[in-house]
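Inspection log for the structure reproduced underneath, given as structure tokens.
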Amino acid sequence: MSRATLDKNPRDVASMFDAVARRYDITNTVLSLGQDRAWRRATRSALGIGTGDLVLDLAAGTAVSTVELARSGAWCVAADFSVGMLRAGAARPVPKVAADATKLPFGDAVFDAVTISFGLRNVVDHPAGLREMARVTRPGGRLVVCEFSTPVVPVFSTVYKEYLMQALPRVARAVSSNPDAYVYLAESIRAWPDQAALAGQIRDAGWSDVRWRNLTGGIVAMHYAVKA
Ligand SMILES: C[S@@+](CC[C@H](N)C(=O)[O-])C[C@H]1O[C@@H](n2cnc3c(N)ncnc32)[C@H](O)[C@@H]1O
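Per the working numbering, the sequence shown starts with residue 42, numbered consecutively.
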């Protein structure tokens, strides 16, 4: 099986990403029309991290998101359960850990900040993932979730839905090492909670001060929260 379905069976998700890994970074940049770099920079800046901070980048994949975080001077670790993705990013100079977001191999309250970009949507029980992230974050520590969301401008929203369902799988066929995964990508984005609903889930998982900022008209939303 080369793609997961919306039940997000962890084995299917991990092997789908293993199969995507080889051309993941380039496919991302092509499909997002280069916007992925700006989204990663915005995540780093929202976390407010710097030298002396200990940061967990969860569902880090090839660690492309982790190296952007490390530019802050913080000590950043990449964690992901797809060994294929971690291996594809082997040349990136950040520590990497094979780990499941719902059962993290870290003690309580060890991180100053935790972040997950384009990963939470793929976690089989994402509320459990949010609770685990709260467990490993110290009181006063920060969370940023960067994830596809619901466009806020109506005309734009219609064009975007067409892009997701029609153009994206076609472009993926030309660029990706596992084009079927991008059918799952489109489906999982459409099924994902909107900005306000995700904020509620983050609050329910034990985070406070939850707020969000839309990027690229709400194609992506960055949710920010603080560990009480
Ligand atoms: C779209 S990639 C995002 C990679 C990277 N954060 C980025 O911004 O490009 C999603 C990643 O989530 C990982 N993932 C999904 N469910 C996971 C889980 N339960 N535990 C750990 N990683 C998971 C996948 O293996 C995949 O590498």
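Beta carbons are placed, not taken as given, at the ideal position from N, Cα and C, and that holds for glycine.
Contact test: residue i Cβ vs ligand 2 heavy atom, cutoff 7 Å
{"i": "M126", "result": "This structure lacks ligand 2; the ligands present are ligand 1."}
6 Å CB neighbourhood of residue i in its chain, flanking five on each side removed
{"i": "V165", "result": "K49, P51"}
{"i": "V251", "result": "A240, I243, R244, A266"}
{"i": "S229", "result": "R162"}
beta-carbon residue i near ligand 1 non-hydrogen atom, thresh 7 Å
{"i": "A246", "result": "no"}
{"i": "T257", "result": "no"}
{"i": "A101", "result": "yes"}
{"i": "N50", "result": "no"}
{"i": "S123", "result": "yes"}
{"i": "A87", "result": "no"}
{"i": "A132", "result": "no"}
{"i": "V164", "result": "yes"}
{"i": "G182", "result": "no"}
{"i": "T143", "result": "yes"}
{"i": "N219", "result": "no"}
{"i": "V212", "result": "no"}
{"i": "F159", "result": "yes"}
{"i": "A129", "result": "no"}
{"i": "A140", "result": "yes"}
{"i": "A55", "result": "yes"}
{"i": "S229", "result": "no"}
{"i": "F58", "result": "yes"}
{"i": "S113", "result": "no"}
Burial state of residue i, where buried means 16 or more other Cβ atoms lie within 10 Å
{"i": "V185", "result": "buried"}
{"i": "R183", "result": "buried"}
{"i": "R214", "result": "exposed"}
{"i": "S158", "result": "buried"}
{"i": "T92", "result": "exposed"}
{"i": "L47", "result": "exposed"}
{"i": "K144", "result": "exposed"}
Contacts around residue i, its chain only, beta-carbon distance under 8 Å, and the 5 residues preceding and following it disregarded
{"i": "T156", "result": "T84, L88, V96, L97, D98, L99, S106, L110, L184, V185, V186, C187"}
{"i": "A246", "result": "P168, L171, R172, M174, A175"}
Spatial neighbours of residue i in its chain, beta-carbon cut-off 7 Å, leaving aside the 5 residues before and after
{"i": "G258", "result": "P192, V193, V194, F197"}
{"i": "S218", "result": "A60, V61, R63, R64"}
{"i": "L72", "result": "L209, V212, A213"}
Those residues which DSSP pairs with residue i across a bridge
{"i": "A266", "result": "L184"}
{"i": "S229", "result": "Looking at the DSSP assignment, S229 forms no beta bridge with any residue, so it has no partner."}
{"i": "S249", "result": "V267"}
{"i": "R63", "result": "Per DSSP, none; premise fails for R63."}
{"i": "R254", "result": "M263"}
is_contact[residue i, chain D] using C-beta, thresh 8 Å
{"i": "N163", "result": "Of the protein chains in the structure, only one exists, and it is not chain D."}
Q: Just list the beta strand (DSSP E) runs in the region 145-225, keeping only unbroken ones of 3 residues or longer that don't cross its boundaries, in chain order.
A: Entirely contained in the region 145-225, the beta strand (DSSP E) runs reaching 3 residues are, in chain order, 152-158, 178-189.
Q. Which runs of the alpha helix (DSSP H), 4 residues or longer, sit entirely within the region 81-145?
A. Taking 4 residues as the shortest admissible run, the region 81-145 contains the following complete alpha helix (DSSP H) segments, listed from N- to C-terminal end: 105-111, 124-129.
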